[in-house]
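Contents: one structure, followed by commentary.
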Amino acid sequence: AGVLVLNVADAAQPTLLGSIDLPGYTRDIFVEETPGGDVAWVADDFEGFRVLDLSDPAHPRQLAELPDVGQPALRVEGDRGYAFLAAGPDGLLIIDVSTPTEPALVASLDTAGHTWDLALAGTVAYLADDVAGIVAVDVADPLNPLKIGQLDTPGHARAVRAAGHLLFVADGSRGLPPVPPDPGGFLG
Numbered sequence: 024a025g026v027l028v029l030n031v032a033d034a035a036q037p038t039l040l041g042s043i044d045l046p047g048y049t050r051d052i053f054v055e056e057t058p059g060g061d062v063a064w065v066a067d068d069f070e071g072f073r074v075l076d077l078s079d080p081a082h083p084r085q086l087a088e089l090p091d092v093g094q095p096a097l098r099v100e101g102d103r104g105y106a107f108l109a110a111g112p113d114g115l116l117i118i119d120v121s122t123p124t125e126p127a128l129v130a131s132l133d134t135a136g137h138t139w140d141l142a143l144a145g146t147v148a149y150l151a152d153d154v155a156g157i158v159a160v161d162v163a164d165p166l167n168p169l170k171i172g173q174l175d176t177p178g179h180a181r182a183v184r185a186a187g188h189l190l191f192v193a194d195g196s197r198g199l200p201p202v203p204p205d206p207g208g209f210l211g
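Quick note, the numbering used here runs 23 ahead of the 1-based positions in the sequence shown.
This is the structure in structure tokens:
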């Protein structure tokens, strides 16, 4: 379990450049380029949230962890110095990562379902919330997330991606229906 760093300069022959073992089942990674080097935020399932230093890609190292955050930590996205974590029964967790060595949980939003995934579109986080469908959360102020809408999908919303003015929802056995992401429209 862990994170692999691959060199894909030759796409036909990727090579392992570096790796780091982590204690959990690594579910997702978000990499942010910073002046001091790349930093990764990792959703590590039942082992929580981790921050990795990737400034030396051949030797990634852990900078910090929040082991009790997100039980499980399933998906992570980043924006404006914050990590947004889909955390199963804990809903949406927001972590201040402006100081990578000192991440801090600063806000959360409980949901009616099990938050499997999220997609950021501007200042709105769309949550794939299993039987509760899609939940729209205003994260313009990351310290005060606000639920602004919800759409009960016909199946079990497990994954969501935003593309332009559409959301694509993996909805279990109900397929992948495109859904407009306008919070004032279908979610309003």
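Note that the Cβ used here is the ideal one computed from N, Cα and C, for glycine as well.
> Alpha carbon to alpha carbon, how far is Arg73 from Ser196?
Replying inline: 33 Å
>> Bridge partners for Gly60 per DSSP, in chain order?
In response: Gly60 pairs with nothing; no bridge assigned.
> Should Val62 and Gly41 be called a contact, given that it needs their Cβ atoms to be closer than 8 Å?
Replying inline: no
>> Which residue wins for smallest C-alpha separation from Ala193, given the options Gly172, Gly114, Asp153 and Val160?
In response: The shortest Cα separation from Ala193 among Gly172, Gly114, Asp153 and Val160 belongs to Asp153.
> Just to confirm, are Pro141 and Leu132 a CB contact at a threshold of 8 Å?
Replying inline: The displayed chain sequence assigns Leu, not Pro, to residue 141. No; because the gap between Cβ atoms is not below 8 Å, this pair is not in contact.
>> By the three-class DSSP mapping on this structure, what secondary structure does Ser121 have?
In response: Ser121 falls in the coil class under three-state DSSP.
> Alpha carbon to alpha carbon, what distance is there between Val162 and Ile52?
Replying inline: Their Cα atoms are separated by approximately 20 Å.
> Which residue comes first and which comes last in the beta strand (DSSP E) that contains Tyr17?
Replying inline: The displayed coordinates of the chain run from 24 to 211. Any statement about residue 17 would go beyond what the structure contains.
>> Excluding the 5 residues flanking Glu100 on each side, which residues of the same chain have their C-beta closer than 8 Å to its C-beta?
In response: Contacts found: Phe53, Ala106, Phe107, Leu141, Ala142, Leu143 and Ala148.
> Who pairs with Val54 in a beta bridge, going by DSSP?
Replying inline: In the DSSP secondary-structure assignment, Val54 is bridged to Ala63.
>> Taking the alpha carbon of Asp113 as the reference point, which residue from Ala32, Thr138, Arg98 and Leu39 has its own alpha carbon closest?
In response: Thr138
> Alpha carbon to alpha carbon, how far is Gly211 from Val160?
Replying inline: In this prediction, Gly211 scores a pLDDT of 43, lower than 50, which makes its location untrustworthy; no coordinate-derived value is stated.
> So Tyr149 is in the beta strand (DSSP E); what residue range does that whole segment cover?
Replying inline: Note, Tyr149: beta strand (DSSP E), Val147 to Ala151.
> Secondary structure at Asp195, three-state DSSP: helix, strand or coil?
Replying inline: Looking at the sequence provided, one finds Gly at residue 195 rather than Asp. Residue state, collapsed to three classes: helix.
> Anyone know if the C-beta pair for Leu86 and Pro37 falls short of 8 Å?
Replying inline: Taking 8 Å as the Cβ cut-off, Leu86 and Pro37 do not qualify as a contacting pair.
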